[in-house]
Amino acid sequence: MRYWMVFVCVLGGMWLGWRRSLWADGVEALEIGEELEGYVCVVRGNVSQGGKRLALALELDWEGKWHSGPKHSLEVGRDGGFNFILRTSKQILRGRYRVVLYEGSQRRYTSRIFSWGRAEQIQEERQKFLDHLRDLFRTSVVAVREVIAGGEFFIRTIAKYSSRIKRVRKSRLEWIRHWKKVEANETEEGKYTFYLHRLLEAGLRNLKDLDELLYLNPCPEVRKDLEYLLKLARQLVVDYTNWLILWSYRPKELESVERDIGQKIYILSKIYKRLAKALRIVSPVRLRWRWLERPSEFRLEGKDYVEKWLKIRLSFSKRWRVSLVPIGPRVRLCLISLQNPLVRIYLEVNDYPLSRSYRDLRMLTVVQAQEGWPGFQKVESFPITLKLQGEVRHGFHFVFLTRDDRYVIGGVYKNRVYQIFGKDKKRVYTLRLFAPSNVFESFQKEFETLIQTFRVP
477 MRYWMVFVCV
487 LGGMWLGWRR
497 SLWADGVEAL
507 EIGEELEGYV
517 CVVRGNVSQG
527 GKRLALALEL
537 DWEGKWHSGP
547 KHSLEVGRDG
557 GFNFILRTSK
567 QILRGRYRVV
577 LYEGSQRRYT
587 SRIFSWGRAE
597 QIQEERQKFL
607 DHLRDLFRTS
617 VVAVREVIAG
627 GEFFIRTIAK
637 YSSRIKRVRK
647 SRLEWIRHWK
657 KVEANETEEG
667 KYTFYLHRLL
677 EAGLRNLKDL
687 DELLYLNPCP
697 EVRKDLEYLL
707 KLARQLVVDY
717 TNWLILWSYR
727 PKELESVERD
737 IGQKIYILSK
747 IYKRLAKALR
757 IVSPVRLRWR
767 WLERPSEFRL
777 EGKDYVEKWL
787 KIRLSFSKRW
797 RVSLVPIGPR
807 VRLCLISLQN
817 PLVRIYLEVN
827 DYPLSRSYRD
837 LRMLTVVQAQ
847 EGWPGFQKVE
857 SFPITLKLQG
867 EVRHGFHFVF
877 LTRDDRYVIG
887 GVYKNRVYQI
897 FGKDKKRVYT
907 LRLFAPSNVF
917 ESFQKEFETL
927 IQTFRVP
């Protein structure tokens, strides 16, 4: 028995020795550098048995974990030598690398560690990459929040005022037409679902751009979670749409809506927390703004509008009526002129969590109007300061034209925007006059009167 064990050990040693001899030399050098049009990576080495077809991959050390890049075919010469050259327009991050050789699908050899870049260069690039991921996280969360806020707002508003909806298809569609187009010949422009899909698709495009930017992504789990977050939110838009169109507004059905959709929101919140932890974000953008999800809670004291959640006050004359048809979570009040129903005044509240200054708020206002309105044309804009309850507040005056051929009377409309900025530089309180351009000036005086009564916290 003893001789048999010795024999087995000798054979095993011979086999291991043969394996070591095949990969004995392995990778001798790894060089990475920048070129005019991208990056170049050169790997030189030698194996004992030539004429083989192998595969090669780079691995990057990221916080103690090795992350592998794509595999590349490697032709080994008859003498066993190989000289692999990779040229790519994608960025190769500086850091600690090693080379892995594969035979078929089997990992056969791992090289020693090679460093590319000085310590301060490595740290700087890593910080930029993490900041970019954090920006992608924040923009994705803002898009998801818009989905949840919009869906909850429309469902809760319609449930609240369902007794006022006649049981005929035309009236039902009138109440949800701001959520989604309801007629084949109706444009998608201005519909909330169009806005949501545009946000979500922009987030997914940003992830594809990240794939095109980097040769090796050291945080693949983060990228995967971000994609899942956006795609699940896209499915949530479909769920909200189905409920809004199909449900019959019975009280018990609202519980079913909250249960079914609540499961997806719960999954979204888990992914959100996982991403915030992985990216070490101390103060993440909130996934939900409760006030956005609620219909406007207000009382009318004569013709004084008082909003419960946001502490907003506004006084208007008897020449205006309040519309209860939901437009979107940010439109807290819509006044329709009794003299001309095409003339309207909107009270809107917008949050921009990524804003850092009043200048950001002004720029975001213009960009949002430019992207959201067909035929947009800016007339004038300038910052304003005002005194409100003894404090100096900053704001914005903005006038633009838009074209909307759905209405019978003319196609050109004029918007005058009056804004008061929040003290945190992230919230905007807006009064907006919307009127056909040919009657716009006749409503200026009344709009000025409303501005004088506009009070925000």
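Numbering (the numbering used here), first residue to last: 477 to 933.
Heads up, the beta-carbon is just placed ideally off N, CA and C, and yes, glycines get one too.
Computed from a predicted structure; not experimentally measured.
Item, Value
"Can you check whether the CB of F930 is closer than 8 angstroms to the CB of L892?", "First, the amino acid is wrong: residue 892 is Arg here, not Leu. It is not a contact, given that the beta carbons lie outside the stated cut-off."
"Please determine, among L730, L744, S524 and R570, the residue with the shortest C-alpha to C-alpha distance to F613.", "L744"
"Return the CA-CA distance between L498 and S581, expressed in angstroms with no decimal places.", "Because L498 carries a pLDDT of 43, less than 50, the predicted location of this residue cannot be relied on, and no value is offered for it."
"Between the segment 800-810 and the segment 822-835, can you find at least three pairs of beta-carbon atoms closer than 8 angstroms?", "yes"
"Return the CA-CA distance between A533 and Y704, expressed in angstroms with no decimal places.", "27 angstroms"
"Is the beta carbon of L609 closer than 8 angstroms to that of L790?", "no"
"Count the other CB atoms within 10 Å of the CB of K667; is the residue buried (16 or more) or exposed (fewer)?", "buried"
"If I measure Cβ to Cβ from P760 and keep anything under 6 angstroms in the same chain, skipping five residues before and after, which residues do I get?", "A752"
"Which residue comes first and which comes last in the beta strand (DSSP E) that contains E507?", "G502 to E511"
"Distance, Cα to Cα, W719 vs D687?", "36 angstroms"
"Here's the rule: buried if 16 or more other CB atoms are within 10 angstroms of the residue's CB, otherwise exposed. What is S793?", "exposed"
"Measure the C-alpha to C-alpha separation of V503 and R835 and round it to an integer number of angstroms.", "54 angstroms"
"Assign S799 to one of three DSSP states: helix, strand, or coil.", "coil"
"Pull the bridge partners of R879 from the DSSP assignment, please.", "V888"
"Can you give the Cα-Cα distance for F876 and S913, rounded to whole angstroms?", "10 angstroms"
"Could you name the residues of the same chain whose beta carbon sits closer than 6 angstroms to that of R869, not counting the 5 residues immediately before and after it, in chain order?", "L862 and I896"
"In this structure, how does DSSP classify E601 when only helix, strand and coil are distinguished?", "helix"
"So what's L786 in DSSP terms, helix, strand or just coil?", "coil"
"Examine the Cβ distances between the segment 588-608 and the segment 522-533 and report whether three or more of them are shorter than 8 angstroms.", "no"
"Kindly indicate if chain C contains any beta-carbon less than 8 angstroms away from that of L830.", "The chain labelled as chain C is not found in the depicted structure, where only one protein chain is given."
"On the three-pair Cβ rule with 8 angstroms, is the segment 706-719 touching the segment 729-747?", "yes"
"List the DSSP bridge partners of L907.", "L823 and Y894"
"Could you give the distance in angstroms between the alpha-carbon of S831 and the alpha-carbon of L768?", "18 angstroms"
"Work out the CA separation of G545 and V623 for me, nearest whole Å.", "35 angstroms"
"Mark E535 as exposed unless 16 or more other C-beta atoms lie within 10 angstroms of its C-beta, in which case mark it buried.", "buried"
"May I have the straight-line CA-CA distance separating L506 from R572, to the nearest angstrom?", "11 angstroms"
"Classify L498 as helix, strand or coil using the three-state DSSP reduction.", "Residue confidence for L498 is low, a pLDDT of 43 falling below 50, so the modelled location carries little weight and cannot support an answer."
"Going by C-alpha distance, which of Y781, D701 and R762 is nearest I747?", "D701"
"Which one of T615, Y671 and P859 has the shortest CA to CA distance from G848?", "Y671"
"Compute the Euclidean distance between the alpha carbons of R735 and V617, then round it to the nearest angstrom.", "22 angstroms"
"What residues in its chain sit with their C-beta under 6 angstroms from that of E729, if we drop five residues either side in the sequence?", "W723"
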